[in-house]
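Numbering of the sequence shown is given in the UniProt record's numbering, commencing with residue 310 and proceeding in unit increments.
Since the structure comes first, as structure tokens, the remarks are kept for the end.
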Amino acid sequence: LLQLIRPLDRLGQLYRSIKQSLTDVEQMLELLNQPAEVADAPDAVPLPAGPGRLRFERVGFAYDPRRPVLRDVSFELPPGGTLAIVGPSGAGKSTIGRLLFRFYDPTSGRILFDGADISSVTQASLRAAIAVVPQDTVLFNDTILYNIAFGRPGASRAEVERAARLARIHDFVAGLPDGYDSLVGERGLKLSGGEKQRVAIARAILKRPRLFLFDEATSALDSHTELAIQQSLREVSRGTTTVVIAHRLSTVVHADEILVLEDGRAVERGTHAALLARDGAYAALWARQQADRDAAE
Ligand code: ATP
């Protein structure tokens with residue numbers, strides 16, 4: 310009988326782990342809200358090692374061939390630099406993130422990461438090098454520990470706590486009756502938008518990526534939480550190449566470079582101060598947001 314039970318038990322374990330990984334993959338795709346549309350090239354190689362230099366070369370893209378969404382977008386982000394992408398709703402900001410994570414391939418031009426065309430490397434190696442903090446984080450129905458450690462399976466408890474401290478969620482977690490073992494998600498503790506985002510940031514830190522991709526939440530967080538999150542993002546991304554898809558201009562003031570998209574085109578590029586001085590599209594966006602803010606207050 311034992312001989313029968315052991316394999317059955319192992320089968321049960323295998324089933325659970327397969328089911329869990331499927332849920333994880335599904336959740337990941339759901340997190341990023343996109344289908345997996347591209348396949349590895351037959352001769353795809355792993356992404357070569359490198360410091361995290363990103364280059365968009367005249368990238369064009371259309372979801373529907375009749376309607377271009379990105380046209381001729383070029384920029385270069387040196388290792389450790391921060392690029393913020395801003396622009397009106399529908400300008401194509403999130404699309405840049407989706408191309409970078411290779412949910413789609415550009416229709417023209419190319420994207421180079423540490424010198425390699427990302428369409429020629431394996432998706433697994435590309436995605437291992439990039440940590441995404443999505444707009445709306447979906448948490449697993451599991452413990453906080455699991456939800457953070459998901460960034461790097463096998464991470465120790467101490468590593469999880471370190472990441473949580475950097476993401477400024479540790480004190481909150483430590484104050485819960487069950488601490489890191491607290492259940493979250495639909496069947497557990499409901500976290501606020503800001504708390505969920507901090508769990509996502511901790512997860513991203515743990516991944517030790519070559520590039521952070523932050524898709525800022527469009528839904529308004531209260532200004533205190535917003536400031537705290539922006540500050541943790543700045544600390545966390547120091548020294549690591551970072552792309553921020555910014556929906557609020559207050560996030561971008563500290564970026565090394567700001568790329569202003571309008572109708573799929575990069576219409577301006579520069580620092581906050583330089584773009585204000587230029588008095589063009591960015592200055593107009595900034596003035597409009599300040600006015601909205603004043604009106605709200
Ligand atoms: P927002 O600030 O509102 O998030 P955005 O600048 O990030 O906007 P994108 O999400 O990149 O804009 O969308 C750019 C354009 O592409 C929009 O017109 C949008 O309707 C369209 N689009 C986005 N996703 C898809 C899709 N999966 N299929 C077809 N069209 C899409």
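Think of the CB as a built atom: it goes at the ideal place given N, C-alpha and C, for glycine as much as any other residue.
This structure is a prediction, so every number in the text was calculated from the model and none was measured.
Quiz item: Short check: CB of T391 to CB of H563, under 9 Å?
Solution: On the sequence shown, position 82 is the one that residue 391 refers to. On the sequence shown, position 254 is the one that residue 563 refers to. Taking 9 Å as the Cβ cut-off, T391 and H563 qualify as a contacting pair.
Quiz item: In three-state terms, what does DSSP make of G369?
Solution: Looking up residue 369 in the sequence shown gives position 60. Of the three classes helix, strand and coil, the one that applies to G369 here is strand, per DSSP.
Quiz item: Around the ligand ATP, what residues have a beta-carbon under 5 Å from a heavy atom of it, in chain order?
Solution: Y372, V378, S398, G399, A400, G401, K402, S403, T404
Quiz item: Can you tell me where the beta strand (DSSP E) with F384 in it begins and where it stops?
Solution: Along the sequence shown, read from residue 1 onward, the residue named residue 384 stands at position 75. It spans 379 to 386 - the beta strand (DSSP E) in which F384 sits, taken as one unbroken run.
Practice problem: Under the assumption that G548 contacts E566 (Cβ atoms under 8 Å), give the Cβ distance between them as a whole number of angstroms. | Solution: By 1-based counting over the sequence shown, the position of residue 548 is 239. By 1-based counting over the sequence shown, the position of residue 566 is 257. Going by Cβ atoms, the distance from G548 to E566 rounds to 16 Å, so no, they are not a contact pair.
Quiz item: Are there 16 or more other CB atoms within 10 angstroms of the CB of Q539, so buried, or fewer, so exposed?
Solution: Position 230 of the sequence shown holds residue 539. Per the 10 Å Cβ criterion, buried.
Practice problem: Could you spell out the range, first to last residue, of the beta strand (DSSP E) harbouring G418? | Solution: Position 109 of the sequence shown, counted from the start, is the residue given in the question as residue 418. Start and end: 417 to 422.
Quiz prompt | Whole-number beta carbon distance between A476 and S541, since they are thought to touch under 8 Å | solution = Within the sequence shown, the letter at position 232 stands for residue 541. Within the sequence shown, the letter at position 167 stands for residue 476. Confirmed, about 6 Å.
Quiz item: Going along the chain, which residues of its own chain have a beta-carbon closer than 8 Å to the beta-carbon of L448, five neighbours each way excluded?
Solution: Translated into positions along the sequence shown, residue 448 becomes position 139. The residues are N456, V493, G494, L500, K505, V508.
Practice problem: May I have the straight-line CA-CA distance separating A438 from P518, to the nearest angstrom? | Solution: Residue numbering aside, residue 438 sits at position 129 when the sequence shown is read from its first letter. Residue numbering aside, residue 518 sits at position 209 when the sequence shown is read from its first letter. A438 and P518: Cα-Cα distance of roughly 5 Å.
Practice problem: Determine the DSSP secondary structure at R496, reduced to helix, strand or coil. | Solution: As a first step, residue 496 is located in the sequence shown; it is residue number 187 there, counting from the start. The answer is coil: DSSP assigns R496 none of H, G, I, E or B.
Quiz item: How do the stretch 346 to 358 and the stretch 426 to 440 stand: do at least 3 beta-carbon pairs fall below 8 Å, yes or no?
Solution: yes
Quiz item: Quick one, which of A593, V482, R411 has its alpha-carbon nearest L522's?
Solution: Stepping through the sequence shown from its first residue, residue 522 is reached at position 213. Nearest of A593, V482, R411 to L522, Cα basis: R411.
Quiz item: What is the DSSP secondary structure of G401, reduced to helix, strand or coil?
Solution: Sequence index remark: in the sequence shown, residue 401 carries index 92 (1-based). Of the three classes helix, strand and coil, the one that applies to G401 here is coil, per DSSP.
Practice problem: Reducing DSSP to helix, strand and coil, say where A473 ends up. | Solution: Counting from one through the sequence shown, the residue named residue 473 turns up at place 164. Helix at A473.
Quiz prompt | Cβ-based burial, H479 [other Cβ within 10 Å; buried from 16] | solution = Here residue 479 refers to the residue found at position 170 of the sequence shown. Buried, by the Cβ-count rule.
Exercise. Below 6 Å CB to CB, which residues in the same chain sit around V441 once its five sequence neighbours on both sides are set aside?
Key: Here residue 441 is taken as the residue at index 132 of the sequence shown, counted from 1. So the qualifying residues of the chain are L522.
Quiz prompt | Outcome for Y591 when other beta-carbon atoms lying within 10 angstroms are tallied against a minimum of 16 | solution = The sequence position of residue 591 within the sequence shown is 282, counting from 1. Buried.
Self-check item: Simplified DSSP state of A478, which is helix, strand or coil
Solution: Against the sequence shown, residue 478 aligns to sequence position 169. Per the sequence shown, the amino acid found at residue 478 is Ile instead of Ala. Three-state DSSP puts I478 in coil, outside helix and strand.
Exercise. Under 8 Å by Cβ, that's how I've got G359 and G424 pegged, so tell me the actual separation to the nearest angstrom.
Key: Translated into the one-based positions of the sequence shown, residue 359 becomes position 50. Translated into the one-based positions of the sequence shown, residue 424 becomes position 115. The beta carbons of G359 and G424 sit about 7 Å from each other, so the pair counts as a contact at 8 Å.
Self-check item: Whether L568 touches A393 by CB criterion (9 Å)
Solution: As a working mapping, residue 568 is identified with position 259 in the sequence shown. As a working mapping, residue 393 is identified with position 84 in the sequence shown. Cβ distance < 9 Å, so L568 and A393 count as in contact.
Quiz item: Over what stretch of residues does the beta strand (DSSP E) that includes I453 continue unbroken?
Solution: One-based indexing of the sequence shown puts residue 453 at position 144. Careful: I453 lies outside any beta strand (DSSP E), inside the alpha helix (DSSP H) at 453 to 458.
Exercise. Would you mind sorting Q432 into buried or exposed? The rule is 16 or more other CB atoms within 10 Å of its CB.
Key: Within the sequence shown, residue 432 is the residue found at index 123, counting from 1. Buried is the label assigned to Q432, since at least 16 other Cβ atoms lie within 10 Å of its Cβ.
Quiz item: If you run the structure through DSSP and keep just helix, strand and coil, what is R466?
Solution: As a working mapping, residue 466 is identified with position 157 in the sequence shown. Here R466 sits in helix by DSSP.
Quiz item: Since V430 sits in a beta bridge, which residues does DSSP pair it with?
Solution: The count along the sequence shown starts at 1 and reaches residue 430 at position 121. Partner(s): V354.
Quiz item: For Y372, does the count of other Cβ atoms within 10 angstroms reach 16, so buried, or fall short, so exposed?
Solution: Position 63 of the sequence shown holds residue 372. Exposed, because fewer than 16 other Cβ atoms sit within 10 Å of the Cβ of Y372.
Quiz item: When the Cβ atoms of the stretch 373 to 391 are set against those of the stretch 571 to 578, are three or more pairs found closer than 8 Å?
Solution: yes
Quiz prompt | Close-in-space but distant-in-sequence residues of the same chain around G361 (CB under 6 Å, 5 per side omitted) | solution = In the sequence shown, residue 361 corresponds to position 52, counting from 1. Correct list, in chain order: P388, R519, L520, T550.
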